[in-house]
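Residue numbers (the numbering used here): 68 to 1313.
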């Protein structure tokens, strides 16, 4: 075996961090290959090894050896494919390291670095990526700038503007346009063209062209001609990739119409308002003499002053501020005697509304009555200005229909007809430009106003009212107008229906004609990124190339986790080879002659003849014979449909004889239960007749049994869905009441896993509980009670708006049917294997609402507003959204919401922090288990709130933790809790409360192995200076020992050092843990070999940190005889090392240390990794007796160490200068402590 092979073999035994820091490049190279292989073998993104590997890449990708660096990037790529969004915590450091070291390397290295960035985006670390790009484009070496622009181009091209925010890129581009290197300029032009594919060309021009030189403007104008079509994302983030195979299969199986396809392909429209920076207009307005001008006696001076405001307010986005006084002034000027001044003031208001948007809401409501009153003026210039301003106020979101009802009512009762008609015209515009949800809320207020205006004496007012009603009908349908239309005469009804019908075809025709197919197909998101490293560059967008199409060429650059990719490909191929056949459920018409001809010899001809007889006895005899013949058939499957069709035709469902009816139902039940596959169209044929037989007490038992058999044959979901319409529209109330009672038994038999619960709950609310028949209401209450048994108390949220009397009855029914959840096993099963499970049962089976549409940019900006009232209003809006969604929401599109709420947890206003905690808890409860992935680590910020000294704040935090725990399991929270307990900023009261909370949660568990990760912080807290913390930690340790078992605790003692280890061993002694465990820990802490020393450097870091909180007192209490023995050992060792040099600078590389240690030491408590680095350096360069004193937790030993340095100062001056950075870092550590003796000695030495 060669020397290299021996070295590599020995190195494999070392920990990962030592292998990556090894001086031999081959060892580092081998470590990267091994790490890549390990990451490639990981299939579970929650594998704990991934969390261990994450911090390693910051240094490995910065390796000075090029081949090693390339292997490090390979390992990082494998890691990112195996990990999930949780790895984003390491994105910033790793991206910065890649930017600093990899973008100027070999072409392969650069390509792999770009692939790494795209994978970070896939893991939702977009902010870290863009932060790194901002640093990359400032590199003085143009060779490093071009790859950075190219990777931004690739990211935007593949992921789209929804994932990659264009605003950040638009801010970077101006400085690139003037770059001295032509390749950088060409790439920046290509990136600009790519932006034009995602946001409109006009938007890009308006934002960027003013910052360009004329030559570049001309070049870009020429290039913009080549940009055609619309862009579509070709790659998805990791969280969305799992959904893709199902979506592809559905799109293959169900042929969507052209309008549906085009709707799916339309990219998300990006508002230019969100891309530009706000402009402050209040400061320059002060300098223009506005306030003096508006008070001038001359109308021209007043007009000029207001015109200055109009000009300033014409900017696209105005910075929020205090516009109260300006609006008061403008309100007076609207009524100015000079019409030119009034028009200018109205135009200024319109500009303010467009630029401020929702920040102008209060002012808009303040100005609205005056503007509506001013509509009485007949001057066209004034009327046009008013119309445009009012429309701008609504279109910009300053005014919402529900907020202006009273103002509209007042205006429609104005004496001047022009005010009434123009107000209604404006209301029509508002209705046409509002979304459906707003109109559904507002129509109850506006329809009566319009109906009243239909009786107005002025034709213009009546026409405007008709237009408003037609707009309501176009948006939400005729249902809101049904009751009101009954009061109208035939002439008005006809006119309104003509207006609605005349405009009804427009949307359809527009959508069909506007559906332009995309120029390119969507790329597969399951294709592995390793298939092709070749990527398009930004410069390829420029002329001389083919015109830029809507979608990139058929290069497949989508990257996915390797394991997922393999599974996804296999599943897609399998499903593609077997297209899903959609069963035809609607039966076609078939005459009796056709049925008889297809029947053949299955049934005797005389039996069929008798079934047609008018004598009931003959029909009864025939149906009995029919039953015997069907039961005698051995093979039914091929004849099911024709037999059922025959029974539906003769004797048919209009049969009056009860005995014949019973036998018909029995035969259908027999066929449904015997046939291996019972077609759904047969259920449709029978369902109307069987549901009517349920209403008759004589045939009820047979009919209910038949319905249950149908459920076993095709699934209860299909049967329920068909029954809703039949029962709702039937004239016989018994059909509804008895049908609902059958549904109660069906839910009890089959559970809820195959039902669409939202449809069922809506049916109960809208039909069952609204019925005038008491029997129907009582049956519905029983059905809801049966649902409660399966889905639990969350169902109450969907029924909060029913009458109080019904709520009382429902509560009583809930008590009769307590929640049993997953423990309720279905009594009956469905035969068909393809019956889809629509809900999982239990608490998570209730429908969840997608609230992504309600999380608007305005809401997110409100959460970040400088005005605390606006922030509070936004938090309350989030609570309102949760209420409207019945506290059941989907995680879709909530990432930005969590980011905004996270910022509010650090709010200076404590009341807002408390409100945010409550809201975050509500969001967690409403979202359920999915909150763990969507929350982006917000739990760590929640735990920081326990560091507050106010008890109320800590109680609110614990309530939020309770809500979080109800949504996810405790094992998902343990890593965050462990981190919080080691945070010195948490404070004694916070740690005590958190330990008490943990003890409470662990008490209710029998086993919880993951709790072993809490062992180290619990052990450390048992030596805390606070008696309350120690007591709480002791209680928590007892619970931890119970749920983990003493064997597992004993195996995990290696990470615990010092006094904490002694206390833990003491607690474990009754369980039979040997004293050697403690002795082993003690000897390891005083070992003399370099290997042991390096372990101390890492393991005693937390102990050193904890010592600042009083661990010395804990140590003296725990082991009173230990110090004397240690001192004896130390004195013997001191004598043996006296001959060695006090400072060893043989391998010291001060410059390298300064280059590696990028963190500055500040006069604040250092982080754990800084302490560990310092300890390692002290043990490496200082003599053993000296570094042992300097690293001691006893201040007396530290003072002795300073004295040793002071005595030797004259003789070791040169060596001391070499390691001065280490000495000064050690003194910073002492300054962060509060020991007076040590501080005085430190100052004397310095």
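Note that the Cβ used here is the ideal one computed from N, Cα and C, for glycine as well.
Is the beta carbon of residue i sitting closer than 8 Å to the one on residue j?
i	j	result
residue 962	residue 1013	no
residue 1248	residue 1295	no
residue 662	residue 693	no
residue 665	residue 709	yes
residue 186	residue 151	no
residue 949	residue 989	yes
residue 1079	residue 1027	no
residue 832	residue 858	no
residue 877	residue 851	yes
residue 343	residue 385	no
residue 446	residue 485	no
residue 528	residue 551	no
residue 567	residue 540	yes
residue 1059	residue 1086	no
residue 742	residue 707	yes
residue 1110	residue 1072	yes
I need the DSSP call for residue i, collapsed to helix, strand or coil.
i	result
residue 496	helix
residue 817	helix
residue 916	strand
residue 948	helix
residue 1075	coil
residue 346	strand
residue 274	helix
residue 965	helix
residue 1249	strand
residue 231	coil
residue 204	coil
Under 8 Å by Cβ, that's how I've got residue i and residue j pegged, so tell me the actual separation to the nearest angstrom.
i	j	result
residue 825	residue 914	4 Å
residue 925	residue 424	7 Å
residue 523	residue 487	7 Å
residue 750	residue 786	7 Å
residue 1254	residue 1245	4 Å
residue 441	residue 401	6 Å
Excluding sequence positions up to five away, which residues of its chain have a Cβ less than 7 Å from the Cβ of residue i?
i	result
residue 809	761, 771, 774
residue 679	717
residue 1309	1269, 1294, 1297
residue 459	417, 420, 421
residue 867	none
residue 213	250, 251, 254
Taking the alpha-carbon of residue i as reference, which of the options has the nearest alpha-carbon?
i	options	result
residue 715	654, 212, 491	654
residue 409	484, 385, 367, 764	367
residue 658	713, 689, 688, 1050	713
residue 160	194, 174, 782, 149	194
residue 475	875, 721, 446, 432	432
residue 1314	232, 230, 192, 173	Outside the shown range of the chain, which is 68 to 1313, sits residue 1314, and nothing can be said about it.
residue 1209	1266, 1275, 1235, 1259	1275
residue 462	754, 499, 1099	499
residue 208	181, 166, 112	166
residue 218	255, 392, 241	255
residue 1137	1117, 1121, 1126, 976	1117
residue 1304	844, 1277, 1267	1267
residue 1006	1272, 723, 1043	1043
residue 703	738, 755, 672, 115	738
Short of 6 Å in beta carbon distance, which residues of its chain neighbour residue i, apart from the five on each side in sequence? Order them along the chain.
i	result
residue 117	150
residue 1052	1014
residue 333	Summary for residue 333: the model assigns pLDDT 43, below 50, so the residue's position carries little reliability, and this model does not support an answer.
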